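Chemist:
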Amino acid sequence: MQYPPINGEKEVVMILKGKVFKFGDDISTDLIAPGRYFHLRSNLPEMAKHVLEDADPSFAVKVQKGDFVVGGDNFGCGSSREHAPTIIKLAGVSAVLAKSFARIFYRNAINVGMPVLICETDKISQGDEIEVNLEKGEIRDLTNGITLSFAPLPKAMINILNDGGLVGHIQKHGDFKID
Amino acid sequence: MGKTLAEKIIGKHAGKEVNAGEIVLASVDVCLMQDGTSPLAIRQLQKINLEKAANPRRTVLFLDHAAPSPRKELSNDHITIRKFAEKTGCQVSDIGMGVCHQIIFESYLNPGEILIGADSHTCTGGAMAAFSTGMGSSDVAIGIALGKTWFRIPETFKIEVTGEFQPGVYSKDLILYLIGLIGADGATYKALEFTGDTIEQMSISSRMTLSNMAVEAGAKAGLIASDKLTKDYLKKQGRVSRFRELKGDEDAIYEKVIKIDASRLVPQVSFPHTVDNTKLINEAKGIKIDQVFLGSCTNGRVEDFGVACEIIKGRKKNPKTRFIVVPASKAVFLEAMAKGYIRQLVDFGAAILAPGCGPCVGVHEGILGDGENCITTQNRNFKGRMGNPEGFIYLASPATAAAAAIAGEIIDPREFLSRKKIKGKKVRVSRKRK
Ligand code: SF4
Chain G
1 MQYPPINGEK
11 EVVMILKGKV
21 FKFGDDISTD
31 LIAPGRYFHL
41 RSNLPEMAKH
51 VLEDADPSFA
61 VKVQKGDFVV
71 GGDNFGCGSS
81 REHAPTIIKL
91 AGVSAVLAKS
101 FARIFYRNAI
111 NVGMPVLICE
121 TDKISQGDEI
131 EVNLEKGEIR
141 DLTNGITLSF
151 APLPKAMINI
161 LNDGGLVGHI
171 QKHGDFKID
Chain W
180 MGKTLAEKII
190 GKHAGKEVNA
200 GEIVLASVDV
210 CLMQDGTSPL
220 AIRQLQKINL
230 EKAANPRRTV
240 LFLDHAAPSP
250 RKELSNDHIT
260 IRKFAEKTGC
270 QVSDIGMGVC
280 HQIIFESYLN
290 PGEILIGADS
300 HTCTGGAMAA
310 FSTGMGSSDV
320 AIGIALGKTW
330 FRIPETFKIE
340 VTGEFQPGVY
350 SKDLILYLIG
360 LIGADGATYK
370 ALEFTGDTIE
380 QMSISSRMTL
390 SNMAVEAGAK
400 AGLIASDKLT
410 KDYLKKQGRV
420 SRFRELKGDE
430 DAIYEKVIKI
440 DASRLVPQVS
450 FPHTVDNTKL
460 INEAKGIKID
470 QVFLGSCTNG
480 RVEDFGVACE
490 IIKGRKKNPK
500 TRFIVVPASK
510 AVFLEAMAKG
520 YIRQLVDFGA
530 AILAPGCGPC
540 VGVHEGILGD
550 GENCITTQNR
560 NFKGRMGNPE
570 GFIYLASPAT
580 AAAAAIAGEI
590 IDPREFLSRK
600 KIKGKKVRVS
610 RKRK
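Residue numbers (our numbering), protein chains in the order written: chain G, 1 to 179; chain W, 180 to 613.
If you want it as structure tokens, here you go:
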């Protein structure tokens, strides 16, 4: 399995490393990309300055390139706005880890080329340093020494991710090449 | 082996027999986008030089979320949308026409079809026995350009509802109850199929309320069989020739069957800040209400206005409570006018806004102040949803919302129903759309 270049890197990054920003269950797209910034939807870098603002007002200021967003159940529930995973990615986040994802958010994240990993997140805490090996499907929490694994993506999604997202996929193949 | 509605419809569009769990490519019949999701979709297509639509006559771009536009950035997005439509031949539903899901249902969607929409409540179309699902901008953009998309065939939960609602209880109470029961992620990636005699007798408008909120339990679709009522509806809309009878097979494989006795339900209220935070009306009594919103793709139809009018008839609005009413579409507006509902609502003290999303998504119109409480007939109460994270949103039926406008606080709407109704004549649920 191969993942697309992340955060503008030229090379495909297989090992991600960064700090954890921990969130709870049901982090909705309204919390990630509030409707009051609707007018910024055509100005995503500006909108990214408000990412997750209603869940943690200081997140956008503190997040560093390569960091992780870690949620509980039902991450990304709510609207279909693709702006939600897009601005998380634009803020520099390298992957979102959660126990479960809402369906549309999950598909959108793959479509914009942002890894979303389903794993047990209870043992990961705010501020932990973690290392994710996308190839091995392994997460190491360097702060508490725990190793976790995550479920592999369906093949159709891997194909799309490998092409840098859906638009890249169609550009490359001229059509869906999902099997 | 029998098939679920989802398997039947997607299979037909994939040109083969399919089963839950499979990933397939399927053609799509109708596509929709709205003003919040279209600009990104359009830019995606422009990026790869694919600015076209496989089926422009059935691809509709809606200006409904920020319409009329409250700011120049959004006005410019609207320009982008209109230009794209001009270039590709796609349809535009401009300001004043109404909410995307309502109009797609009124004028485009037919039983057995597939609709994809860049809006999560696209699942509303499930009430037409059409496989309708929400996706993001990129997915719908590519779907529009190529006329197809990929699906993972969902497993299906059968929601079997029997019995007659008590007076003052509606399909909105049923769906809030169900979501409270299974949780906001209780049906993630699944399709729901609503069946049983309660559903069979339910008006199309009430069915739409159920399908509309399927996504609030995480579901991909909320499907309902097409029947005589669907046929009557299509006839009224002038396309009865597009009717097809379609339902899930008795021997289809359902991952779960959930049975609900509708006669035992009471009015429900979902508390802030999650839709599954559902409580019985008794537990909500006395909560002070600053703003009432009657409208949205969930409950902004003629039937809903009728229910509200029955509650407010001969009563006065609480002077401390604001009441905002938004018809889901122009057709709803006109019919509600002809029936005298609009006059009655205005007389009562409601502010009627142009057909569209209204205050639902917090982009324009009716944004809550700090610490304010709103009771609304919409489908979502997430923190910040109505434009202010310091506001509190309660979800309920049109009856419960209207009752709060009178009392200035949450109150059991049955207190405002006439005695005759309470004594148990057949009430609303069995009322067909006229
Ligand atoms: S009325 Fe509300 S839920 Fe429905 S489409 Fe508009 S914003 Fe979305």
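All residues carry an ideal CB built from backbone N, CA and C; glycine is no exception. Here the structure is a predicted model, which is why all the values come from computation and not from measurement.
Just to make sure I have the definition right: I need the residues of chain W whose C-beta is within less than 7 Å of the C-beta of G:H83. Which are they?
Modeler: For the purposes of this step, residue 83 of chain G is taken as residue 83 along the first sequence, with counting starting at 1. The answer, in chain order, is L219.
Chemist: Is any heavy atom in the ligand SF4 found nearer than 7 Å to the beta carbon of W:V278?
Modeler: For the purposes of this step, residue 278 of chain W is taken as residue 99 along the second sequence, with counting starting at 1. Yes, the beta carbon of W:V278 sits closer than 7 Å to at least one heavy atom of the ligand SF4.
Chemist: When we look at the beta-carbon of W:I521 and count the other beta-carbons within 10 Å, is it buried (16 or more) or exposed?
Modeler: The residue you call residue 521 of chain W lines up with position 342 of the second sequence. Counting Cβ neighbours within 10 Å, W:I521 comes out buried, since at least 16 surround it.
Chemist: Determine the burial state of W:E489: buried for a count of at least 16 other Cβ atoms within 10 Å of its Cβ, exposed for fewer.
Modeler: Numbered from 1 along the second sequence, position 310 holds the residue referred to as residue 489 of chain W. Flag for W:E489 reads buried.
Chemist: At 4 residues or longer, what runs of the alpha helix (DSSP H) sit wholly inside the stretch 276–305 of chain W?
Modeler: For the stretch 276–305 of chain W, whole alpha helix (DSSP H) runs of length 4 or above, ordered along the chain, are 279–286.
Chemist: Which chain W residues are close to G:I104, counting only those with a beta carbon under 7 Å from its beta carbon?
Modeler: Here residue 104 of chain G corresponds to residue number 104 of the first sequence, with the count starting at 1. Going along chain W in sequence order, the residues near G:I104 (Cβ under 7 Å) are S299, G313, M314 and G315.
Chemist: State the Cα-Cα distance for the pair W:L211 and W:A396, rounded to the nearest angstrom.
Modeler: On the second sequence, residue 211 of chain W is found 32 positions in, with the first residue counted as 1. On the second sequence, residue 396 of chain W is found 217 positions in, with the first residue counted as 1. Cα-Cα distance, rounded: 22 Å.
Chemist: Beta carbons nearer than 7 Å to chain G: which residues of the stretch 359–377 of chain W have them?
Modeler: Answer set for the stretch 359–377 of chain W: A363, D364, T367 and Y368.
Chemist: So for G:I124, helix, strand or coil by DSSP?
Modeler: For the purposes of this step, residue 124 of chain G is identified with residue 124 of the first sequence, where counting begins at 1. It is coil, neither helix nor strand.
Chemist: Mind pulling the alpha helix (DSSP H) runs of 4 or more residues that sit fully within the stretch 310–334 of chain W?
Modeler: Whole alpha helix (DSSP H) segments, 4+ residues: 316–325.
Chemist: Under 8 Å between C-beta atoms, does W:G305 make it to chain G?
Modeler: In the second sequence, residue 305 of chain W corresponds to position 126, counting from 1. No, its Cβ sits nowhere closer than 8 Å to a Cβ of chain G.
Chemist: Rounding to the nearest angstrom, what Cα-Cα distance links W:R222 and W:G194 in this structure?
Modeler: Numbered from its first residue, the second sequence carries residue 222 of chain W at position 43. Numbered from its first residue, the second sequence carries residue 194 of chain W at position 15. C-alpha separation (whole angstroms): 31 Å.
Chemist: Mind the definition here: the stretch 577–591 of chain W touches the stretch 439–449 of chain W only if three or more C-beta pairs lie below 8 Å; say whether that holds.
Modeler: With a cut-off of 8 Å, the stretch 439–449 of chain W and the stretch 577–591 of chain W count as touching, because enough Cβ pairs lie within range.
Chemist: Are there any heavy atoms of the ligand SF4 lying less than 7 Å away from the beta-carbon of G:C77, as far as the coordinates show?
Modeler: Locating residue 77 of chain G in the first sequence gives position 77, where the first residue counts as 1. Because no heavy atom of the ligand SF4 lies under 7 Å away, the Cβ of G:C77 does not count as near it: no.
Chemist: Can you list, in chain order, the residues of its chain with a C-beta nearer than 6 Å to that of W:E544? Leave out the 5 residues immediately preceding and following it.
Modeler: One-based indexing of the second sequence puts residue 544 of chain W at position 365. These residues qualify, in order along the chain: L532, G537 and P538.
Chemist: At a CB distance below 9 Å, what residues from the stretch 555–581 of chain W approach chain G? Give them in sequence order.
Modeler: Per Cβ criterion, the list reads R559, F561, K562, G563, R564, M565, G566, N567 and P568.
Chemist: Taking the alpha helix (DSSP H) that W:A517 belongs to, which residues open and close that run?
Modeler: For this step, residue 517 of chain W is matched to residue 338 along the second sequence. K509 to A517 is the span of the alpha helix (DSSP H), which, as asked, contains W:A517.
Chemist: Using only the alpha-carbon positions, how far apart do G:S58 and G:H50 sit?
Modeler: Translated into positions along the first sequence, residue 58 of chain G becomes position 58. Translated into positions along the first sequence, residue 50 of chain G becomes position 50. Answer to the nearest angstrom: the Cα atoms are 9 Å apart.
Chemist: Helix, strand or coil for W:V525, going by three-state DSSP, please let me know.
Modeler: Translated into positions along the second sequence, residue 525 of chain W becomes position 346. In this structure, W:V525 counts as helix in the three-state DSSP scheme.
Chemist: Closer than 7 Å by C-beta to W:G313: which residues in its own chain qualify, once you throw out the five before and the five after it? Chain order, please.
Modeler: Within the second sequence, numbered from 1, the residue matching residue 313 of chain W stands at position 134. So the list reads G296, D298, S299, H300, T301, C302 and V394, once near-sequence residues are dropped.
Chemist: Can you give me the start and stop residues for the beta strand (DSSP E) that W:G401 sits inside?
Modeler: As a first step, residue 401 of chain W must be located in the second sequence, where it is residue number 222. Element bounds for W:G401: A400 to I403.
Chemist: Starting from W:E252, find everything on chain G with Cβ-Cβ shorter than 9 Å and list it in chain order.
Modeler: Residue numbering aside, residue 252 of chain W sits at position 73 when the second sequence is read from its first letter. Under the 9 Å cutoff, chain G gives F38, H39, L40, R41, S42 and N43.
Chemist: Are the CB atoms of W:F310 and W:I188 within a distance shorter than 8 Å?
Modeler: For this step, residue 188 of chain W is matched to residue 9 along the second sequence. For this step, residue 310 of chain W is matched to residue 131 along the second sequence. It is a contact, given that the beta carbons lie within the stated cut-off.
Chemist: For the ligand SF4, is there any heavy atom lying closer than 7 Å to the beta carbon of G:Q171?
Modeler: Counted from its first residue, the first sequence places residue 171 of chain G at position 171. Not under cutoff, so the answer is no.
Chemist: Quick check: the stretch 230–243 of chain W against the stretch 256–268 of chain W, are there 3 or more CB pairs under 8 Å?
Modeler: The stretch 230–243 of chain W, when compared against the stretch 256–268 of chain W, does touch it at the 8 Å Cβ threshold.
Chemist: Can you tell me which of the three DSSP states G:P4 falls into?
Modeler: For this step, residue 4 of chain G is matched to residue 4 along the first sequence. Here the model assigns G:P4 a pLDDT of 46, short of 50, so the residue's position is not dependable, and the following value carries that caveat. If DSSP states are grouped into helix, strand and coil, G:P4 belongs with coil.
Chemist: Which full runs of the beta strand (DSSP E) of 3+ residues lie inside the stretch 431–471 of chain W, going along the chain?
Modeler: As far as the stretch 431–471 of chain W is concerned, its whole beta strand (DSSP E) runs of at least 3 residues are 435–440, 447–449 and 457–459.
Chemist: From this set, W:N560, W:S449, W:F422 and W:L219, which residue's C-alpha is nearest W:L357's C-alpha?
Modeler: Residue numbering aside, residue 357 of chain W sits at position 178 when the second sequence is read from its first letter. Cα-wise, what sits closest to W:L357 is W:S449.
Chemist: Show which residues of chain W have a CB atom less than 9 Å away from the CB atom of G:P154.
Modeler: As a first step, residue 154 of chain G must be located in the first sequence, where it is residue number 154. Under the 9 Å cutoff, chain W gives I202 and R331.
Chemist: For the ligand SF4, I want to know if W:R559 counts as a neighbour, meaning its beta carbon is within less than 7 Å of at least one of the ligand's heavy atoms.
Modeler: Taking the first residue of the second sequence as position 1, residue 559 of chain W is located at position 380. Answer for W:R559: yes, Cβ within range of the ligand SF4.
Chemist: Looking only at its chain, what residues have a beta carbon closer than 8 Å to the beta carbon of W:K499, apart from the 5 residues adjacent to it on each side?
Modeler: Position 320 of the second sequence, counted from the first residue, corresponds to residue 499 of chain W. For W:K499, where only same-chain residues beyond five positions count, the Cβ hits under 8 Å are D469 and G587.
Chemist: By DSSP, does G:L40 sit in helix, in strand, or in coil?
Modeler: Residue numbering aside, residue 40 of chain G sits at position 40 when the first sequence is read from its first letter. It is helical.
Chemist: Out of curiosity, what's the CA-to-CA distance linking G:V69 and G:Y106?
Modeler: Here the question's residue 69 of chain G lines up with position 69 in the first sequence. Here the question's residue 106 of chain G lines up with position 106 in the first sequence. Whole-angstrom Cα-Cα distance: 14 Å.
Chemist: Between G:I178 and W:L204, is the Cβ-Cβ spacing less than 8 Å?
Modeler: By one-based count along the first sequence, residue 178 of chain G stands at place 178. By one-based count along the second sequence, residue 204 of chain W stands at place 25. Yes, Cβ-Cβ distance for G:I178 and W:L204 is below 8 Å.
Chemist: Taking buried to mean at least 16 other C-beta atoms within 10 Å of its own C-beta, is G:G127 buried or exposed?
Modeler: By 1-based counting over the first sequence, the position of residue 127 of chain G is 127. Classification of G:G127: exposed, given that the 10 Å Cβ count is below 16.
Chemist: Just checking, does the stretch 142–152 of chain G make contact with the stretch 396–409 of chain W on the three C-beta pairs under 8 Å criterion?
Modeler: With a cut-off of 8 Å, the stretch 396–409 of chain W and the stretch 142–152 of chain G do not count as touching, because too few Cβ pairs lie within range.
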